[in-house]
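> The numbering used here applies: residue 190 is where the sequence shown begins, and numbers increase by one. A virtual CB, placed ideally from N, CA and C, is assigned to each residue, including glycine.
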Amino acid sequence: MTASTWEGVHRAAAEAALGVPGLEALQPTLADRLALAASHARHAMTSSTTPPCEGAGIRCERTPDGGCHVEVRCILRTDRRVVDIARQVRDEVKDAVTAHLAQHRKVVPVLVTVTVTVTRIV
């Protein structure tokens, strides 16, 4: 898959996850935060007008069998059962990524892992 296809997978996954009721935000990793800080510093030092991409909370990678693994790290509100929200995130992200790949004529297995890193009490 091309870099633009992976970027589209990442975007489709993030949009699908953020659309689930009860999901408050996507949780960035330390690596995401460091990369974002470095890109902001680089952006500030150059004359580029394109802002850095802020896609924390989603990681996409190719699996050994040629499929796609999407990891979603999220912060949830507890107005619903956590397991129900996590299942809905998994299903919505899988459907969105599968649809995005189908638009690019890529039919591969999609595995979605949802990790709840923080639960906020409403």
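Exposed or buried, which one is G246 when buried takes at least 16 other CB atoms within 10 Å?
So G246 counts as buried.
> A214 bridges to which residues according to DSSP?
Partner(s): I264.
> Return yes when the Cβ of E260 is within less than 8 Å of the Cβ of T302, no when it is not.
In this structure, E260 lies closer than 8 Å to T302 by Cβ.
> Would you report the Cα separation of L213 and V305, rounded to the nearest angstrom?
Contrary to the premise, residue 213 reads as Glu rather than Leu in this sequence. Whole-angstrom Cα-Cα distance: 11 Å.
> Can V299 and G255 be called in contact, C-beta distance under 8 Å?
No; because the gap between Cβ atoms is not below 8 Å, this pair is not in contact.
> Within the same chain, show all residues whose beta-carbon is closer than 6 Å to that of R262, passing over the 5 residues directly before and after it, in chain order.
Q216, G246, T304 and T306, listed in sequence order.
> Do V209 and V278 have their CB atoms nearer than 8 Å?
Yes, the Cβ-Cβ distance between V209 and V278 is below 8 Å.
> Count the other CB atoms within 10 Å of the CB of H293; is the residue buried (16 or more) or exposed (fewer)?
So H293 counts as exposed.
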